[in-house]
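Asks:
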């Protein structure tokens, strides 16, 4: 069977001439649905390519890219410990308003660049944009280390937010475009492990330097090392083959596939390239025209809009369950309920997050994204309710910049810590990881723009929560605040049950077939279950000495 290269002409008629595939010549008009069908057929015949284990190069690239996730988490972790001591360096006690502004500045910077980088990533590439984020991390850290006032600190965190926003968009995209579909979920979770690992390390360093004068500056200064490593390393590493095809650099795409999938046959690589070329051929024109067309398609093509709705909704759910408010202000909360070394207590919370994210790494492709969400979110809600009840009996009154405790912290303070640890565990297994699988929702031609909208939803939610959390504690009480988060979580379960299909083990290009004609939750579950059953049958045949056929 011969598979020749595609010849694509982006003229006014948008005609694609395709070489022989499976022994037949094909010439099609790029009307969208026809090309998608052909691409899916090519992918079906190319299943062995997608099912192979990730190569050492892909694993290395994933770990290196996860430094972006590490920096995301490190930023969340160090600011929690810094907020309880930074006022001493500035010669004034920080107000709750100051703490919220310092914290929210990163979210605002991330929101701006997460949205705008979706335009740039499809023009200049995934790798250069990710390298630019490293520069923003370093510049932001330098400004913060030199800060001697609240507003300088805010500016430094705002600049660092540029890097966080870009990294939150590009890292999962880069990983998912390289990963075999069977292992895509686990490889993207490695980026989430980077986030939780960054939080844990930042808390640990912050606790160790808690008694050191200006120790928080050391914690911030250390954050310059990981982005410097990533920046230098990416000079020697490849772009994604999907981006190369977008730029009509097919030969380069083939070379990258051969490097990242060394065990794949020449034929399977060419079939993969064929499918991606057909998908990309649907939008001719210059990058700006393609970007605008992608924006239009996201909102007018039903399958794309469903992908956009689901991905944005999941990112909003992640924020409005209140997790990031806990990570940003955990030291402040524990200090308010009477724990002397509040930063050390926060390490336990961050450690729990890391451990259960590791568990998610092993479950996400086996158990499935949808099932993990529907099993874990009810537990998240239950522990939010328990926190609300416990805070009622602790009875904290906020007076000015001080928190006065009227209730029993010996018993209920312990309940709060246990409930928060359990909340974090349930969050990490499900909603903490699944939304970052969002790149699998979108077709190649709208993926960059779609991801920018999704990440912007995350950072818009983070901005709202981080800039209002302490105010909510003061005005509607901690009990009211955690009850609000629980109520949002309940609505989220209903939304996910009816609109989120199961997408594990599906090709990136296959997902659109699921989203065509509705959310098709039942159909997606049937397809994934059938594929898993077929894989088990083939494995049994292989054990009996028979050849393993593709599912």
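Numbering (the working numbering), first residue to last: 1104 to 1654. Note that the Cβ used here is the ideal one computed from N, Cα and C, for glycine as well.
1. So, for residue 1493: in the same chain, excluding its five sequence neighbours on each side, which residues have a beta-carbon less than 7 Å away from its beta-carbon?
2. Can you name, in chain order, every residue of its own chain whose Cβ lies under 7 Å from the Cβ of residue 1201, other than the five neighbours on each side?
3. Could you tell me whether the region 1230-1250 touches the region 1314-1323, where touching means 3 or more Cβ pairs closer than 8 Å?
4. Going by C-alpha distance, which of 1491, 1539, 1396 is nearest residue 1419?
5. Express the C-alpha separation of residue 1381 and residue 1130 in angstroms, rounding to a whole number.
6. Spatial neighbours of residue 1261 within its chain, please: C-beta separation below 8 Å, excluding the five flanking residues on both sides.
7. In angstroms, rounded to a whole number, what distance separates the CA positions of residue 1447 and residue 1423?
8. Return no unless some Cβ of chain C is closer than 8 Å to the Cβ of residue 1581.
9. In the DSSP assignment, find the alpha helix (DSSP H) that holds residue 1227 and state where it starts and stops.
10. Thinking C-beta only, is residue 1491 closer than 8 Å to residue 1601?
11. In this structure, does DSSP put residue 1129 in helix, strand or coil?
12. Using C-beta distances below 8 Å, list every residue in its chain close to residue 1175, excluding the 5 sequence neighbours before and after it, in chain order.
13. Evaluate residue 1283 with the Cβ neighbour count: other Cβ atoms within 10 Å of its Cβ, from every protein chain shown; 16 or more gives buried, anything less gives exposed.
14. Does DSSP put residue 1500 in a helix, in a strand, or in coil?
15. Expressed to the nearest angstrom, what Euclidean distance is found between the alpha-carbon atoms of residue 1145 and residue 1548?
16. So for residue 1507, helix, strand or coil by DSSP?
17. Using 10 angstroms around the beta-carbon of residue 1608, count the other beta-carbons present and answer buried if the total reaches 16, otherwise exposed.
18. Look up residue 1538 in the DSSP assignment and say whether it is helix, strand or coil.
19. Could you tell me whether the region 1400-1420 touches the region 1230-1239, using the rule of 3 or more Cβ pairs below 8 Å?
20. If residue 1158 and residue 1363 are in contact, beta carbons under 8 Å, what's the gap, nearest whole angstrom?
21. Compute the distance between the beta-carbons of residue 1559 and residue 1214, then report whether it is under 8 Å.
22. Name the two residues that bound the continuous alpha helix (DSSP H) containing residue 1165.
23. What separation, rounded to the nearest whole angstrom, lies between the Cα atoms of residue 1473 and residue 1489?
24. Suppose only complete runs of 4+ residues qualify. What are the alpha helix (DSSP H) ranges in the region 1434-1470, listed by chain order?
25. Between which two residues does the alpha helix (DSSP H) carrying residue 1424 extend?
26. Using the rule of at least 16 other Cβ atoms within 10 Å of the residue's Cβ for burial, across every protein chain shown, is residue 1264 buried or exposed?
27. Alpha carbon to alpha carbon, what distance is there between residue 1590 and residue 1436?
28. Taking the alpha carbon of residue 1337 as the reference point, which residue from 1604, 1274, 1554 has its own alpha carbon closest?
29. Taking the Cβ atom as the reference point for each residue, do residue 1293 and residue 1464 lie within a distance shorter than 8 Å?
30. What residue range is occupied by the uninterrupted alpha helix (DSSP H) comprising residue 1279?
31. How would you call residue 1405, buried or exposed, if buried means at least 16 neighbouring beta carbons within 10 angstroms?
32. Can you tell me whether residue 1343 is helix, strand or coil according to DSSP?
33. Please report how far the alpha carbon of residue 1143 lies from the alpha carbon of residue 1454, in whole angstroms.
34. Please identify the residue among 1255, 1468, 1411 whose C-alpha is closest to the C-alpha of residue 1536.
35. Within the same chain, show all residues whose beta-carbon is closer than 7 Å to that of residue 1251, passing over the 5 residues directly before and after it, in chain order.
36. So residue 1529 packs on residue 1483, CB below 8 Å; how close in whole Å?
Replies: This is what the structure gives:
1. Excluding residues within five positions, the ones whose Cβ falls inside 7 Å are 1515, 1518, 1519, 1522.
2. Here the set comprises 1253.
3. Contact holds between the region 1230-1250 and the region 1314-1323, because three or more Cβ pairs, one in each stretch, are under 8 Å apart.
4. Minimum Cα distance to residue 1419 is reached at 1539.
5. For residue 1130, the predicted structure reports a pLDDT of 40, less than 50, and the residue's modelled location is therefore unreliable. The matter cannot be settled from this model.
6. Residues 1208, 1209, 1211, 1212, 1243 of the same chain have their beta carbon placed closer than 8 Å to that of residue 1261, with the five preceding and five following residues left out of the count.
7. Straight-line Cα distance between these residues: approximately 26 Å.
8. Of the chains in the structure shown, none is chain C; there is only one protein chain.
9. Per DSSP, residue 1227 is one residue of the alpha helix (DSSP H) stretching across 1199-1227.
10. Inclusion of residue 1601 and residue 1491 in the CB contact set at 8 Å is not warranted, their separation being larger than that value.
11. Below a pLDDT of 50, predicted positions are generally treated as unreliable, and residue 1129, at 39, falls in that range; the measurement from the model is reported next regardless. In the structure shown, residue 1129 sits in a strand (DSSP, three-state: E or B).
12. Correct list, in chain order: 1267, 1270, 1271, 1297, 1298, 1301.
13. By the neighbour-count criterion, in which a residue is buried when 16 or more other Cβ atoms sit within 10 angstroms of its Cβ, residue 1283 is buried.
14. Reduced to three states, the DSSP call for residue 1500 is strand.
15. Low confidence applies to residue 1145: its pLDDT is 47, below 50, so where it sits in the model is not reliable, and the reading given next is rough at best. Rounded to the nearest angstrom, the two C-alpha atoms are 18 Å apart.
16. In the displayed model, residue 1507 falls within a strand according to three-state DSSP.
17. Note on residue 1608: 16 or more other CB atoms within 10 angstroms of its CB, so buried under the neighbour-count rule.
18. Three-state DSSP puts residue 1538 in a helix.
19. The region 1400-1420 makes no contact with the region 1230-1239; the number of CB pairs closer than 8 Å stays below 3.
20. With a Cβ gap of about 6 Å, residue 1158 and residue 1363 count as contacting.
21. Yes; because the gap between Cβ atoms is below 8 Å, this pair is in contact.
22. 1159-1168 is the extent of the alpha helix (DSSP H) around residue 1165.
23. Roughly 25 Å between the two C-alpha positions.
24. Every alpha helix (DSSP H) of 4 residues or more that sits fully in the region 1434-1470 is shown, in chain order, as 1445-1466.
25. Where residue 1424 is concerned, there is no enclosing alpha helix (DSSP H), given that its DSSP letter is neither H nor E.
26. By the 10 Å Cβ count, residue 1264 comes out buried.
27. Here the alpha carbons of residue 1590 and residue 1436 stand approximately 21 Å from one another.
28. Nearest to residue 1337 by C-alpha distance, out of 1604, 1274, 1554, is 1274.
29. Yes.
30. Its alpha helix (DSSP H) spans residues 1253-1281.
31. The residue is exposed, with fewer than 16 neighbouring Cβ atoms inside 10 Å.
32. Here residue 1343 sits in coil by DSSP.
33. For residue 1143, the predicted model reports a pLDDT of 45, less than 50, meaning its position is unreliable and no value from the coordinates is stated.
34. Measuring from the Cα of residue 1536, the nearest candidate turns out to be 1468.
35. Cβ within range, chain order: 1193.
36. Taking a contact as a CB-CB distance under 8 Å, the pair residue 1529 and residue 1483 counts as one, their CB atoms being some 5 Å apart.
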